[in-house]
Structure formats: structure tokens, C-alpha cells
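The structure under discussion appears below in the form of C-alpha cells.
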Amino acid sequence: MNRSNIFNRIFHLYYDGFKNMTIGRKLWTIILIKLFIFFVVFKVFFFSDFLETHFKTDVEKSDYVLKQLTSPKQLKND
Amino acid sequence: MIEHIDLSLINWSRAQFALTAMYHWLFVPLTLGLAFIVAIMETIYVRTGDVEWKKITKFWMILFGINFAIGVSTGIILEFEFGTNWSNYSWFVGDIFGAPLAIEGIMAFFMESTFIAVMFFGWNKVSKKFHLLSSWLTAFGANLSALWILVANGWMQYPVGMQFNPDTARNEMMNFWDVIFSPIGINKFLHTITSAYVLSAIFVVGISAWFLIRKRHILFSKRSIIVASVFGLVSSLYLVWSGDGSAYQVAQKQPMKLAAMEGLYNGQKSAGIIVFGVLNPEKEYTNDEEPHLFKMEIPKLLSFLGYRNADAFVPGIKDIIEGGYEYLDENGKKQSAISTDEKIERGKIALASLAKYKEAKDAGNDSLKIAHRKTLEENFQYFGYGFLNDPKSIVPNIPLVFYSFHIMVALAFWFILIFVLALYFVYKDQIVTKKWFLRLAFLTIPLAYIAQQCGWIVAEVGRQPWVIQDIMPTVAAVSQIDTRAVQITFFLFLIVFTGLLIAEISIMSKQIKTGPKDS
Chain A
57 MNRSNIFNRI
67 FHLYYDGFKN
77 MTIGRKLWTI
87 ILIKLFIFFV
97 VFKVFFFSDF
107 LETHFKTDVE
117 KSDYVLKQLT
127 SPKQLKND
Chain B
1012 MIEHIDLSLI
1022 NWSRAQFALT
1032 AMYHWLFVPL
1042 TLGLAFIVAI
1052 METIYVRTGD
1062 VEWKKITKFW
1072 MILFGINFAI
1082 GVSTGIILEF
1092 EFGTNWSNYS
1102 WFVGDIFGAP
1112 LAIEGIMAFF
1122 MESTFIAVMF
1132 FGWNKVSKKF
1142 HLLSSWLTAF
1152 GANLSALWIL
1162 VANGWMQYPV
1172 GMQFNPDTAR
1182 NEMMNFWDVI
1192 FSPIGINKFL
1202 HTITSAYVLS
1212 AIFVVGISAW
1222 FLIRKRHILF
1232 SKRSIIVASV
1242 FGLVSSLYLV
1252 WSGDGSAYQV
1262 AQKQPMKLAA
1272 MEGLYNGQKS
1282 AGIIVFGVLN
1292 PEKEYTNDEE
1302 PHLFKMEIPK
1312 LLSFLGYRNA
1322 DAFVPGIKDI
1332 IEGGYEYLDE
1342 NGKKQSAIST
1352 DEKIERGKIA
1362 LASLAKYKEA
1372 KDAGNDSLKI
1382 AHRKTLEENF
1392 QYFGYGFLND
1402 PKSIVPNIPL
1412 VFYSFHIMVA
1422 LAFWFILIFV
1432 LALYFVYKDQ
1442 IVTKKWFLRL
1452 AFLTIPLAYI
1462 AQQCGWIVAE
1472 VGRQPWVIQD
1482 IMPTVAAVSQ
1492 IDTRAVQITF
1502 FLFLIVFTGL
1512 LIAEISIMSK
1522 QIKTGPKDS
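Okay, here's the thing in C-alpha cells:
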């Protein structure tokens, strides 16, 4: 079996599989909508990485976390 | 200067994480177990050549696919939350969490996505044996993915194999194998995946019972019940064994969680395990009220299960807070437990040493740096206690942990009964006529999900206030962000995940109603 034959078979496995999907179409639609909501809406607008957003270098990040850890904390209702 | 932290920020951040994790875990266990059940069914098909088994395999494979597709990536939200809501924690755990999650991501992508494609698209395109191999590799791939995330969770319950670097404020992995083979991590993995197998078996038995109630697909249903019940029964027995292993580890490493699971306020020698009980809502560890309004217990069993000695002393909540009881450490040496007040004091010494280490480093004073680092390392095992001000804050929500634990255990034995009865009725060829049993089997499906959620409540609520046991409490882990932002995303998640759940139930119900098709 030559290489192009293997790649051809792999291509057709996926191509025919996607082409002949029934319930799979609905599931792929759900997956794509879900991924859009997670990675575009949630990640971009609501879930920026706190340390990445506020600090440029690892030294700045570690200084900030060290400060956070070593500042005495009190809950507002303590 | 004292920094004030809004308690509602911590509570909303915890609630959001709990909501996401619980919804995520509605999808995962069925994927883990159904993959193996499908692989077993296909193995029988390949060995016998009986096309009925191919029909059976394809039907459950479609339900597996629906569940996989709806559930996939729901866990990614948890990683978003680490970076946004729990940034101190994310930085602090460093590469210990990063390595297992990276391995999980790579393995999940390459193993699952490649072989799932062959599973669904490969019928009549690849050989029977290669298709079967793909089904098994999908099952192993899914379960191996779970290994890495559960190892990471196990590390949070019992942090090992790392060293804290005060220069970077990160924990650095010193021994990968200590992290992977942590006794808590391994037990957690085995107990969690076997519980997922039991859920999946209950799902298959329940749906098959539904077909039998409607007198549809009789042979299909009987065969599905046999495979699922045998798989479920074997898994259940292993689940009980791994549950015992988990409880033993909890007794050694997280005694407060064990005390909460049993509502044990005052330690006892020869402590019994409560089979059924009602907590006294008036009970506090500081008063003399009875902890339970009613209880049925098996004498000495808690001591035996927790310490492999029926007469061993099991510390209660009061003992753990006040200290003074004797226990055996990891090297088998007898030690006297120190009080939580003392742990708080040593935690505050660790925190102060860390601050002074930083000052000495900035001032270029090496001898002071070495001295403060030594003090930090001597007290690091209590580092997290330094953030606490009241010994009571190490007590988790007792009713939630107690009832969740007992519901989980009771349901595990209920599932065993269902599997045994199912096999008995199939063996006697009476299953079609036992309508009461078929209805019970169908109604047990949601109970399997309740048992799963209860298990996670015990594991996670039972270790509060810790994000990392004894090292970091939630108050130190949370990001200083606007509480309203957390509230908004909480409700956004609630809407999206509820939508996914509705989609899952409706697509699956439609597929089940359609039933298996001749291939």
C-alpha cells in the first residue's frame, strides 16, 4: 500500500463520515456554538487572565502574588 | 496594612466554580463508562459475528457520541476560572497543575479525537479488528484524560512532590512520580472512574428497562442488561474497595473531612460508623449537645476502616481543633497533634518569614535571607493556617458533607442490588414480566447522577476552607476582582450549561425513543 493511498483512505474516512452524518450535524452545530460562546464570548469578554492582563513579566506577577500572600487579610465580616 | 476581602467575592467565586464543576460532571461519567460498555459489546460482536450485537453496539455508541459531543470542552471553563477568579492559586501551584493539564489536553486531543472518528466513521471502512481497537483506545484515552485531572485534584487534597520557591512564590515540582502516585491521587482516580462505570451501567440497565416496559427490542434489551449488569456489578465491588481505600487515606491525611463525614464532634476509641442518622442542628463543637438526634451505627467499623484497627482512636472535630490526641505519622512514629491555634501561629510565622525573606532579598542581605528561608521551610506545612484568624474556620459545612456522604454510600449499595436483581431476573427469564423492577431500574438513572454529585460534595466541601490542603485557603487563592463580574458570569454559566443539559436530554430522549436500528 503506498503513502498516497493511505492518505486518500484517511481523507475519505473523514470526508464520507462528515458527508453522511445525520444526528452528527446537529451535534457539530452544538459543539461549534458552544466553542464560540466559550472561546469568543466568555474568554474574550469575561475571562481575561488576571495576572496576564495586569502584569507584563513573571517577576511582576510573582511580586504581586507575594504581596497578596504576605499582606494580612481580614474578611469584611470577620 | 490589613487588606479587607469581601466574603461575598469568595462565596460567589466558589459558587461559580462549584456550578461549573457540577455541570461538567453531569457529562463526564457517562463518557468514561459507556465507552467501555460499548467496547465490550463490540468485542462480543467481533467474536461471535452476531449482527444483533452490532446493532446493540451502534445504538449505545450513538448515545455515547451525543453525551461526548455535548459535554466536550465544558471543563475548559474551569481553566478559565483558574486564571480569572483564582489567579493567586494559579500562580502559586505553578507547574504542578500545568503539567498534568497539558498532558491531559494533548492526550485527549490526539487519542480521543482520532479514534472517535474511526469509531463513528469507520464502520465498513476499516477492518472489524481495527474498528474494535479504536473503540477500546477511545475508552482508555477518555479514562487516561481523567487520570491527569484527578491527579491534579489529588495533589490539592494532599500536596506532595513539590517545594515552595519564595523567590517566585510558586511551588515547583521536585518529583513527578510522587505527584502521579500520590496515594490520595491514585485512590481518587480509581474511585472516581469506577463510580463513573457504575453510573454508565445503571444508565444502560435503566434505558433497556424502559424498552422492556414498552415491550420493544426485547433481545436487544436483555443482552444490554446482561453486559451492563455484569460490568456494573464488577465495578461496584471495586467501587466499594476503592471507597474503603479513599476513606483510609482521608482518615490519615484529612481527619477533619472524615469527622465531618460522620458528624463526629468528640473523638472516640472503637468508633462506630453511622449507617443512618439525623444530625442535631443545635450542635456546635463548643457545646455539649448530642451530635445526632437519631443514629444507627455499626460498632468499631469507623476505627477499623480509618486505621485498620477496630480499637483505634478516631479524632473528632473538637480534638482536631484543640489538639492533644496521639496519632501515627507517615513514618509510623507516635506524635501528639498540635492545636489549630498553634497551627495558625506557625502559619503566621511562615507568612512573616516569607515577607522578611523578600525584604532581605531586596536589601541584598544574604545571611538574613537564609535565616528567614529556614524559618519559612520549618513552618511551611502550616502555611495556609497563617491566613486564618479563627480555629473554627477549619470546620467545613457538616450537614452538607454528612448527608452527601451517607446518600452516596446508600445509593452505591442500592445500585449493587439493582445489578444483582437484573442478572437474577435475566437468568430466570423473568425480567420482561417484572414490571415493578423495570420501573425501579429506570427511575434509578437520576439517582446515579445524584450519587456522583454527592461524592464530589464530600470530596470538595469536606476539605474547606482549603484550596490546597493546609497550604492555601480560599481567602488567599481568590483574585481581587469585582464581585458583580463573578455574579454576572455565574448566571451566564447557569444559562449556557442548563441549555446544554436540555439539549443533551432532548436529543438523547429522541434517539432513545427511535430505538436501535438494524445495521
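So the protein sequences, as listed, match chains A and B.
Going by this note's numbering, the first residue of the first sequence is number 57, and it counts up by one from there.
Going by this note's numbering, the first residue of the second sequence is number 1012, and it counts up by one from there.
C-beta: ideal position from N, C-alpha, C; glycine also.
Use the C-beta contact count for residue i: other C-beta atoms within 10 angstroms, 16 or more gives buried, fewer gives exposed.
i       : result
B:G1375 : exposed
B:H1202 : buried
B:M1307 : exposed
B:R1058 : exposed
B:K1268 : buried
B:G1196 : buried
B:G1343 : exposed
A:D134  : In this predicted model, A:D134 has a pLDDT of only 43, less than 50, meaning its place in the structure is not dependable; the value taken from the coordinates is given anyway. A:D134 comes out exposed.
B:I1518 : buried
B:S1146 : buried
A:N64   : exposed
B:E1389 : exposed
B:K987  : No answer is possible for residue 987 of chain B: it lies beyond the span of chain B, which begins at 1012 and ends at 1530.
B:E1053 : buried
B:W1477 : buried
B:N1099 : buried
A:H110  : exposed
B:V1062 : exposed
B:E1183 : exposed
A:F98   : buried
B:W1071 : buried
B:E1300 : exposed
B:L1399 : buried
B:I1113 : The sequence shown places Ala at residue 1113 of chain B, rather than the Ile named in the question. Answer is exposed; the Cβ neighbour count stays below 16.
Determine the contact status of residue i and residue j, defining contact as a CB-CB distance below 8 Å.
i       : j       : result
B:G1082 : B:A1212 : no
B:K1445 : B:F1436 : yes
B:I1427 : B:L1244 : yes
B:A1258 : B:F1413 : no
B:I1355 : B:Y1396 : yes
B:I1073 : B:Q1522 : yes
B:Q1174 : B:M1185 : yes
B:V1325 : B:G1274 : no
B:L1434 : B:S1240 : yes
B:V1215 : B:I1048 : yes
B:I1482 : B:F1416 : no
B:A1050 : B:A1150 : yes
B:T1500 : A:F94   : no
B:N1096 : B:S1024 : yes
B:R1384 : B:P1177 : yes
B:N1078 : B:T1042 : yes
B:A1361 : B:L1379 : no
B:W1425 : B:W1036 : no
B:L1290 : B:P1484 : no
B:Y1276 : B:I1328 : yes
A:Y70   : B:A1207 : no
B:M1130 : B:G1152 : no
For residue i, which option in the options has the closest C-alpha, if you only look at C-alpha atoms?
i       : options                            : result
B:E1090 : B:S1145, B:A1029, B:A1433          : B:A1029
B:A1282 : B:V1289, B:I1309, B:H1303, B:Q1263 : B:I1309
B:G1335 : B:I1114, B:G1526, B:T1351          : B:T1351
B:A1026 : B:V1489, B:H1303, B:L1365, B:F1305 : B:V1489
B:P1588 : B:V1209, B:L1512, B:E1471, B:A1153 : Only positions 1012 to 1530 of chain B appear in the structure, and residue 1588 of chain B is not among them; the question remains open.
B:F1287 : B:A1157, B:S1247, B:A1421          : B:A1421
B:F1200 : B:T1494, B:I1516, B:S1253, B:K1226 : B:S1253
According to DSSP, what are the bridge partners of residue i?
i       : result
B:N1182 : B:F1175
B:I1309 : B:I1284
B:H1417 : Paired residue(s): none; B:H1417 is not in a bridge.
B:F1324 : B:K1280
B:L1290 : B:H1303
Give a single yes or no on whether residue i has its beta carbon closer than 7 Å to a heavy atom of the ligand GDP.
i     : result
A:D72 : This structure lacks the ligand GDP, and indeed carries no ligand of any kind.
Which residues in chain D sit within 8 Å of residue i, going by Cβ to Cβ distance?
i     : result
A:I62 : Going by chain labels, chain D is absent from the structure shown, which instead holds the protein chains A and B.
Runs of alpha helix (DSSP H) wholly within the segment 1441–1497 of chain B (minimum 4 residues, chain order): 1446–1472, 1485–1488
Contained beta strand (DSSP E) runs [length at least 3] in the segment 1151–1235 of chain B, N- to C-terminal order: 1173–1176, 1181–1184
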